[in-house]
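Working notes, structure below.
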Amino acid sequence: MVMPGKDAPSVNVGNRLRELREERKTSMRGLAAKSGLSANALSMIERGKTSPSVSTLYKLSEALGVDITAFFGEPLERLPAVFMKAAERPRVSFLRGVWEDLGGANFVGRMEPFILTLENGGGSGPNSMIHSGHEFVFCLRGTLEYQVENKVYLLEPGDSLLFAAKLRHRWRNPGNTVVNALIMLADFSETDRGLSVHQHAAEE
8 MVMPGKDAPS VNVGNRLREL REERKTSMRG LAAKSGLSAN ALSMIERGKT
58 SPSVSTLYKL SEALGVDITA FFGEPLERLP AVFMKAAERP RVSFLRGVWE
108 DLGGANFVGR MEPFILTLEN GGGSGPNSMI HSGHEFVFCL RGTLEYQVEN
158 KVYLLEPGDS LLFAAKLRHR WRNPGNTVVN ALIMLADFSE TDRGLSVHQH
208 AAEE
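Reading the sequence shown from the start, the letters are residues 8 to 211 in the working numbering.
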């Protein structure tokens with residue numbers, strides 16, 4: 008069973024959002040206009056009063072013109088081989104869940120693996136997502152619901168799902184136990200690395 012490493016470095020999303028916004032000399036109101044989020048919602052995130060959903064993080068990364076991995080910390084040199092100890096992998100908390108980077112932020116290739124942990128009721132948010140490349144999901148614990156276009160897949164431990172990421176998709180934990188899953192994004196456009204290329208449909 009894979010659980011988030013207790014000693015893994017945890018990133019304060021609010022502080023990191025403020026840093027990224029200020030680096031780009033973007034006002035709160037300007038970022039709100041670009042992301043489609045309210046200035047009040049952004050203020051709440053930056054002050055640590057609320058945790059953003061995954062779909063909100065996608066919107067912010069797109070509006071700021073950065074990979075979502077930018078929320079894991081300062082960008083580092085991309086390497087042809089990346090070794091990461093379990094206690095060292097960066098993690099980002101979101102509403103009822105945690106993303107853990109498995110080295111994709113530092114890798115030169117077109118592959119970004121993550122460990123996803125979801126509490127019961129947690130999910131990617133109200134918006135479906137699309138991006139370039141392919142997405143692979145392997146359920147390690149619990150029951151993970153993936154909706155790809157109009158079809159719903161229920162993944163239990165040992166089950167996997169592979170699909171073209173240009174198809175609209177979203178995910179959630181419909182059960183009463185914690186979900187752990189390995190998610191790997193691959194073959195995405197080099198100009199649209201990984202999670203930052205997610206685009207959003209209208210709220211359902």
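All C-beta atoms in this analysis are idealised placements derived from N, C-alpha and C, irrespective of residue type, glycine included. The model shown is predicted, which means the values in this text are computed figures rather than measured ones.
Helix, strand or coil at residue i according to DSSP, with G and I counted as helix
| i | result |
| --- | --- |
| Thr76 | helix |
| Glu84 | coil |
| Arg31 | coil |
| Gly43 | coil |
| Gly201 | Legend: pLDDT at Gly201 = 44, less than 50; position of this residue unreliable, no value from coordinates given. |
| Ser58 | coil |
| Val6 | Residue 6 lies beyond the range of the chain shown here (8 to 211); nothing can be said about it. |
| Arg98 | strand |
Residue from the options whose Cα sits closest to the Cα of residue i
| i | options | result |
| --- | --- | --- |
| Asn183 | Gly37, Ala46, Arg103 | Arg103 |
| Ile137 | Val186, Val105, His176, Gly128 | His176 |
| Gly55 | Thr150, Ala193, Asn157, Asn22 | Asn22 |
| Gly116 | Ala193, Met51, Asn127 | Ala193 |
| Glu53 | Gln154, Leu24, Ser131 | Leu24 |
| Thr63 | Glu84, Leu38, Lys173, Asn180 | Leu38 |
| Glu156 | Leu147, Ser135, Glu163 | Ser135 |
| Asn127 | Glu107, Leu151, Trp106 | Leu151 |
| Phe90 | Asn187, Asn113, Ser139, Ser131 | Asn113 |
| Leu189 | Ala172, Arg36, Arg148 | Arg148 |
| Arg214 | Glu119, Val185, Ser42 | Outside the displayed span of the chain (8 to 211) sits residue 214, for which this structure offers no information. |
| Pro181 | Ala171, Phe78, Tyr153, Lys173 | Tyr153 |
| Leu174 | Asn187, Phe195, Ser139 | Ser139 |
| Ala171 | Trp178, Asn187, Phe195, Arg179 | Phe195 |
| Phe121 | Met51, Ala46, Asn187, Asn47 | Asn187 |
| Glu107 | Gly129, Phe78, Ser45 | Phe78 |
Any C-beta of chain B under 8 Å from that of residue i
| i | result |
| --- | --- |
| Val159 | No chain B is present in this structure, which holds just one protein chain. |
Alpha-carbon to alpha-carbon, residue j and residue i
| i | j | result |
| --- | --- | --- |
| Asn19 | Val159 | 33 Å |
| Gly132 | Pro87 | 33 Å |
| Gly110 | Ala40 | 32 Å |
| Leu49 | Phe101 | 14 Å |
| Leu125 | Gly43 | 25 Å |
| Leu123 | Met35 | 29 Å |
| Ser58 | Val105 | 11 Å |
| Met191 | Ser68 | 19 Å |
| Val185 | Leu162 | 13 Å |
| Val61 | Val99 | 10 Å |
| Glu26 | Ala46 | 16 Å |
Assess contact between the stretch 70-79 and the stretch 30-43, defined as three or more Cβ pairs (one per stretch) separated by less than 8 Å. Is contact present?
yes
Three or more beta-carbon pairs under 8 Å between the stretch 137-148 and the stretch 167-181, yes or no?
They touch, by the three-pair rule.
In chain order, which continuous runs of the beta strand (DSSP E) of length 3 or greater are located wholly inside the stretch 116-191?
118-125, 141-148, 151-155, 158-162, 167-171, 176-179
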